[in-house]
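The structure appears below as structure tokens.
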Amino acid sequence: MATLGSLARLIRSKNAGPWMLTIDIMLPDRSTFQRVVNAQVLDKALIGRLFGISPEDAEIYHYAPANAIKVSFPRDVPNGHPLDRDLFGGQQFAALVDLDIPDVPQDSDVVAGSAAGR
Numbered sequence: 038m039a040t041l042g043s044l045a046r047l048i049r050s051k052n053a054g055p056w057m058l059t060i061d062i063m064l065p066d067r068s069t070f071q072r073v074v075n076a077q078v079l080d081k082a083l084i085g086r087l088f089g090i091s092p093e094d095a096e097i098y099h100y101a102p103a104n105a106i107k108v109s110f111p112r113d114v115p116n117g118h119p120l121d122r123d124l125f126g127g128q129q130f131a132a133l134v135d136l137d138i139p140d141v142p143q144d145s146d147v148v149a150g151s152a153a154g155r
């Protein structure tokens, strides 16, 4: 088993406007992208638990042409609010770095641009 941080070429987070955060996960190749997607551990329920949001508020997109996964969700306070602990949203990705990704069969393929709607 490997962690998402060890498999990804880049994991970053950033503001997506004053009310949303986005996490980009960029994987080095199609095989690694398929492994992460097929493992089905990066889902709305996990994002809800890790970031303290309702799973229904999470958006997860798999973009196969770029071997990338995008996760977006509402911020707990708006950007720049006095209680905002991360003005640029740049540290929020850390919760995903140690996520265990099992080695699963690569027999299915993901449709480009599909949303993970579980």
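For the sequence shown, position 47 matches number 84 in the working numbering, and the numbering has no gaps at all.
Glycine included, every Cβ here is placed at the ideal spot set by N, Cα and C.
Report task. With a threshold of 16 other CB atoms inside 10 Å of the CB of R40, please say whether the residue is buried or exposed. Result -> The question names Arg, but residue 40 is Thr in the sequence shown. T40 is exposed by the Cβ-count criterion.
Query raised in the report: Do the CB positions of D94 and F110 come within less than 7 Å of each other?
Result: yes
Requested in this report: Go ahead and pull the three-state DSSP assignment for N75.
Outcome: helix
Query - Alpha-carbon to alpha-carbon, R49 and L64 - result: Going by the C-alpha atoms only, they are around 12 Å apart.
**Report entry** Per DSSP, the bridge partner or partners of N104
**Finding:** None, per the DSSP bridge assignment.
**Report entry** DSSP-derived helix/strand/coil call for G154
**Finding:** Reliability of the predicted coordinates at G154 is poor, the pLDDT of 48 falling under 50, and no value is obtained from them.
**Report entry** Three-way DSSP call (helix, strand, coil) for A39 in this model
**Finding:** strand
Report task. Out of T59, L44, F70, P55, state which residue places its alpha-carbon closest to the alpha-carbon of Q128. Result -> Checking every option, the nearest Cα to that of Q128 belongs to T59.
Query raised in the report: So D135 packs on G42, CB below 8 Å; how close in whole Å?
Result: 6 Å
Query raised in the report: Which ranges does the alpha helix (DSSP H) cover as unbroken runs of at least 4 residues, wholly within the region 92-139, from first to last along the chain?
Result: 131-134
Query raised in the report: Tell me, which residues are paired with T69 by DSSP?
Result: Paired residue(s): none; T69 is not in a bridge.
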